[in-house]
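Novice:
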Amino acid sequence: MSAIVTRGLRCTYGERRALDDLSLTVEAQEIVGLLGPNGSGKTTLFRVLTTLLAPTAGSASVLGHDTVAEPMAVRRAIGVVFQAPSLDRKLTVAENLLYQGRLYGLRGRALRARVQELPGEVGLQDRAGERTEKLSGGLKRRVELAKGLLHRPQVLLLDEPSGALDPGARRDLWRYLQRVREESGVTPFVTTHLMEEAERCDRIAILDRGRLVAFDTPDALKSRIGGEVLRITPTDPDGSRGLCAAIAERFDVQPTDIAGEVRLERHDGAAFLPALFEAFPGRIAAATVARPSLEDVFIGLTGHRFREGAEG
Amino acid sequence: MTAALTLAQRELVRFFRQPNRIVGAIGQPVLFWFLFGAAFKDSLRPPGVEQDYAQFFAPGVAAMIVLFTAIFSTISIIEDRREGFLQAVLVAPVPRSAIVLGKLLGGTLLAMLQALFFLTLVFATGKVPFGWEVVGPSLLILFLMGLALTGLGFCIAWRMDSTQGFHAIMSVFLLPMWLLSGSVFPVEGAATWLVWVMRLNPLTYGVEALRRALWLHGAPGDPAVLWGYTAITLLFALAMFAGATWIARKRQTVDLQ
Numbered sequence: 430m431s432a433i434v435t436r437g438l439r440c441t442y443g444e445r446r447a448l449d450d451l452s453l454t455v456e457a458q459e460i461v462g463l464l465g466p467n468g469s470g471k472t473t474l475f476r477v478l479t480t481l482l483a484p485t486a487g488s489a490s491v492l493g494h495d496t497v498a499e500p501m502a503v504r505r506a507i508g509v510v511f512q513a514p515s516l517d518r519k520l521t522v523a524e525n526l527l528y529q530g531r532l533y534g535l536r537g538r539a540l541r542a543r544v545q546e547l548p549g550e551v552g553l554q555d556r557a558g559e560r561t562e563k564l565s566g567g568l569k570r571r572v573e574l575a576k577g578l579l580h581r582p583q584v585l586l587l588d589e590p591s592g593a594l595d596p597g598a599r600r601d602l603w604r605y606l607q608r609v610r611e612e613s614g615v616t617p618f619v620t621t622h623l624m625e626e627a628e629r630c631d632r633i634a635i636l637d638r639g640r641l642v643a644f645d646t647p648d649a650l651k652s653r654i655g656g657e658v659l660r661i662t663p664t665d666p667d668g669s670r671g672l673c674a675a676i677a678e679r680f681d682v683q684p685t686d687i688a689g690e691v692r693l694e695r696h697d698g699a700a701f702l703p704a705l706f707e708a709f710p711g712r713i714a715a716a717t718v719a720r721p722s723l724e725d726v727f728i729g730l731t732g733h734r735f736r737e738g739a740e741g
Numbered sequence: 010m011t012a013a014l015t016l017a018q019r020e021l022v023r024f025f026r027q028p029n030r031i032v033g034a035i036g037q038p039v040l041f042w043f044l045f046g047a048a049f050k051d052s053l054r055p056p057g058v059e060q061d062y063a064q065f066f067a068p069g070v071a072a073m074i075v076l077f078t079a080i081f082s083t084i085s086i087i088e089d090r091r092e093g094f095l096q097a098v099l100v101a102p103v104p105r106s107a108i109v110l111g112k113l114l115g116g117t118l119l120a121m122l123q124a125l126f127f128l129t130l131v132f133a134t135g136k137v138p139f140g141w142e143v144v145g146p147s148l149l150i151l152f153l154m155g156l157a158l159t160g161l162g163f164c165i166a167w168r169m170d171s172t173q174g175f176h177a178i179m180s181v182f183l184l185p186m187w188l189l190s191g192s193v194f195p196v197e198g199a200a201t202w203l204v205w206v207m208r209l210n211p212l213t214y215g216v217e218a219l220r221r222a223l224w225l226h227g228a229p230g231d232p233a234v235l236w237g238y239t240a241i242t243l244l245f246a247l248a249m250f251a252g253a254t255w256i257a258r259k260r261q262t263v264d265l266q
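Residue numbers (our numbering), protein chains in the order written: chain A, 430 to 741; chain B, 10 to 266.
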């Protein structure tokens, strides 16, 4: 059975459409990253999947349970790691886990065993007796993760999980996600606005202004872009539009003007560069050739930069 | 039920880890009791009863302790929302009514504990007879009053996003409600319009029931009146529980902060 299915999902806040006709299917045990700039609708989808928000139209289901009709079944199936902390700071790590377990109906020996083994699994074995207010940001994050996994959910929903983490802690988190996926058959679903985080996913769903603009593996997404990406900075800061038009006229290419920078895709990027400088002497301040990144994929799909997509 | 008890237990553990809350909730009422009792010792004497002001004021102080505890424990809803703890509870497989019950039980148990501490002081003065026939009904009334006031606080706090907003409501609504409940001055002898306000105030019946349960009129009095007032307090508590559950069930954007 598919882990997550949404069909024609739409969510509106007043006039604004936070999600628009979103349909996607996440298979069991694949790591899917929901990539989008702030304001693209990621958090709205997260709220729908965690049963906190009823969609305006369409439907969403987790392991076959509809989020509106069977919220309790959905809540039992999902583990949730919120973007904002959800720990009780006056309680110890073990107490936080204990209370969490009881809310999920665990009790007795099974619960005690789980509370004992989990801190070790996330690398907190020595800190179980400490109040969470005394832990560092990275360690708190591990407690959050332990909380989310406590009742052995089949689907783990993580909202911007590595927001406040340093690179080392981020690596640990991803290693751990891979492990629980393999060992426990958990399906992690991660929202993120970080490109390098999205790269680690099996498949990436790219969200822009509430719409799903692509859903594929990172490699497949990048191979949609032919060859290499050239970025050209004009000498005249306001000259990108003119340079863009001139390049289009001179060579048979379709460059785009993105925030003062001319961007174009070529199979023979490196070989094309000298011709470009020769054709427009003095008008090019700098130019780079690179393998396409997810940022390029995003620009190619939406016509604007990742950061600029942030609205509201 | 496990969920409700878990959440109630959390309230208690948190309370005892914040000693300043203990001082705040019980210190002020006890101070008021001593000061007002001494100040009005001979000048204020409720009509028709042989009791001094400290005796008259005692149930009012107990009600104040319950009210303050209710306020403190429902303000924590706003903090739980801000600190994020609440969001994890909202996505747990727990019905909203259990979340409400957990909060109400936690607040009520704390209120009873503190009121009991205060009543021990009152018993120590020797002005109130000590025995199960006094303590039993008093505890029941304190329990119902606690549920009612914590429920009321829950209804106010659930939609709020700042503790300042709650403080405003506390000053213009909750404290006047306590003032006009027969806690500070008796219903008899007030201006007619005020008498009506006090009779419509559901807290009045809890305070008066407690006063009767503590034999502060000098004798056990008519049991029908005591249990009638207790029943009104029970209705008050049930209405507040229902209201709090209704408010907590509505999905709304404020849940999502």
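The beta carbon of each residue, even a glycine, is placed where N, CA and C say it ideally should be.
Under 8 Å, with one C-beta from each stretch per pair, do the stretch 523 to 531 of chain A and the stretch 494 to 506 of chain A reach the 3-pair mark?
Specialist: Touching, no.
Novice: Could you please give me the residues that DSSP links to residue 633 (chain A) through a beta bridge?
Specialist: DSSP, once it has assigned bridges, lists A:462, A:645 as partnering residue 633 (chain A).
Novice: So residue 573 (chain A) and residue 623 (chain A) are in contact, right, with Cβ under 8 Å, and what is the actual spacing, rounded?
Specialist: Rounded, the Cβ-Cβ distance is 18 Å, inconsistent with contact.
Novice: For residue 617 (chain A), list the residues DSSP reports as bridge partners.
Specialist: According to DSSP, which records beta bridges pairwise, residue 617 (chain A) is partnered with A:585.
Novice: Scan the stretch 614 to 646 of chain A for residues whose Cβ lies nearer than 7 Å to a Cβ of chain B and list them as they occur along the chain.
Specialist: Within the stretch 614 to 646 of chain A, no residue qualifies.
Novice: Please list the terminal residues of the continuous alpha helix (DSSP H) segment that includes residue 672 (chain A).
Specialist: Here the alpha helix (DSSP H) through residue 672 (chain A) covers 669 to 679.
Novice: Taking just the CA atoms, how far does residue 570 (chain A) sit from residue 597 (chain A)?
Specialist: Going from the Cα of residue 597 (chain A) to the Cα of residue 570 (chain A) covers about 13 Å.
Novice: Is there contact between the stretch 58 to 77 of chain B and the stretch 211 to 223 of chain B, where contact requires at least three CB pairs shorter than 8 Å?
Specialist: Yes: the two stretches touch, three or more of their Cβ pairs being nearer than 8 Å.
Novice: Please check if any C-beta of chain A sits within less than 9 Å of the C-beta of residue 28 (chain B).
Specialist: No, no contact with chain A.
Novice: Taking a cut of 8 Å between CB atoms, which residues from the stretch 525 to 543 of chain A lie near chain B?
Specialist: Of all residues in the stretch 525 to 543 of chain A, 528, 529, 531, 532, 533, 534, 536 have a Cβ within less than 8 Å of some Cβ in chain B.
Novice: Suppose you measure from the CA of residue 119 (chain B) to the CA of residue 78 (chain B); what does that come to, to the nearest Å?
Specialist: Spanning the two alpha carbons is a distance of roughly 7 Å.
Novice: Consult DSSP for residue 211 (chain B) and reduce its assignment to one of helix, strand or coil.
Specialist: Residue 211 (chain B): helix per DSSP, three-state reduction.
Novice: Roughly how far, in whole angstroms, is the beta-carbon of residue 92 (chain B) from the beta-carbon of residue 518 (chain A), given that I think they are within contact range, below 8 Å?
Specialist: Confirmed, about 7 Å.
Novice: Does the stretch 577 to 595 of chain A come within contact of the stretch 604 to 621 of chain A, defined as at least 3 CB pairs closer than 8 Å?
Specialist: The answer is yes - the stretch 604 to 621 of chain A touches the stretch 577 to 595 of chain A, with three or more Cβ pairs under 8 Å.
Novice: Quick check on DSSP: helix, strand or coil for residue 87 (chain B)?
Specialist: Helix at residue 87 (chain B).
Novice: Among the residues of its own chain, which have a CB less than 6 Å from the CB of residue 383 (chain A), if the five just before and after it don't count?
Specialist: Because chain A in this structure spans residues 430 to 741, residue 383 (chain A) falls outside the shown range and cannot be described.
Novice: Starting from the Cα of residue 124 (chain B), find the closest Cα among B:205, B:42, B:62 and give me that residue.
Specialist: Answer by Cα proximity: B:42.
Novice: Strictly under 9 Å for the Cβ-Cβ distance: is residue 701 (chain A) near chain B by that measure?
Specialist: No, residue 701 (chain A) lies away from the interface with chain B (no Cβ there is under 9 Å from its Cβ).
Novice: At a CB-CB cut-off below 8 Å, which residues of chain B make contact with residue 569 (chain A)?
Specialist: By Cβ distance, chain B contributes nothing, its closest Cβ being about 11 Å from residue 569 (chain A), past 8 Å.
Novice: What span of residues does the alpha helix (DSSP H) with residue 38 (chain B) cover, start to end?
Specialist: From DSSP, the alpha helix (DSSP H) with residue 38 (chain B) extends over 28 to 48.
Novice: Between the beta-carbon of residue 633 (chain A) and the beta-carbon of residue 647 (chain A), is there less than 9 Å?
Specialist: Yes, the pair counts as a contact, with Cβ atoms nearer than the cut-off.
Novice: Tell me which residues of the stretch 98 to 126 of chain B have at least one Cβ-Cβ distance to chain A shorter than 7 Å, keeping chain order.
Specialist: Taking 7 Å as the Cβ-Cβ cut-off against chain A, the residues of the stretch 98 to 126 of chain B that qualify are 98, 99, 100, 101, 102, 103.
Novice: From the DSSP output, which residues share a beta bridge with residue 663 (chain A)?
Specialist: A:713.
Novice: Give me, in chain order, the residues of the same chain whose beta-carbon lies closer than 6 Å to that of residue 560 (chain A); leave out the 5 immediate sequence neighbours on both sides.
Specialist: Cβ within range, chain order: 521.
Novice: From residue 483 (chain A) to residue 61 (chain B), what does the alpha carbon distance come to, in whole angstroms?
Specialist: Going from the Cα of residue 483 (chain A) to the Cα of residue 61 (chain B) covers about 59 Å.
Novice: Where does the unbroken beta strand (DSSP E) through residue 720 (chain A) begin, and where does it stop?
Specialist: Counting along the chain, residue 720 (chain A) falls outside any beta strand (DSSP E), and DSSP gives it neither H nor E.
Novice: In this structure, how does DSSP classify residue 494 (chain A) when only helix, strand and coil are distinguished?
Specialist: Strand, per DSSP.
Novice: Mind checking the stretch 695 to 725 of chain A against chain B and listing, in chain order, the residues whose C-beta falls within less than 9 Å of any C-beta there?
Specialist: The residues in question: there are none.
Novice: Spell out the partners DSSP gives residue 560 (chain A) in its beta bridges.
Specialist: According to DSSP, which records beta bridges pairwise, residue 560 (chain A) is partnered with A:521.
Novice: Who are residue 134 (chain B)'s beta bridge partners in DSSP?
Specialist: Paired residue(s): none; residue 134 (chain B) is not in a bridge.
Novice: Is the stretch 478 to 492 of chain A in contact with the stretch 433 to 442 of chain A, if contact means three or more CB pairs nearer than 8 Å?
Specialist: Verdict: yes, contact present.
Novice: For residue 536 (chain A), count neighbouring Cβ atoms within 10 angstroms of its own Cβ and tell me buried if that reaches 16, exposed if not.
Specialist: Looking at its Cβ environment, which holds fewer than 16 other Cβ atoms inside 10 Å, residue 536 (chain A) is exposed.
Novice: For residue 480 (chain A), return the contacting residues in chain B, with the cut-off set at a CB-CB distance below 7 Å.
Specialist: By Cβ distance, chain B contributes 100.
Novice: Assign residue 486 (chain A) to one of three DSSP states: helix, strand, or coil.
Specialist: If DSSP states are grouped into helix, strand and coil, residue 486 (chain A) belongs with the strands.
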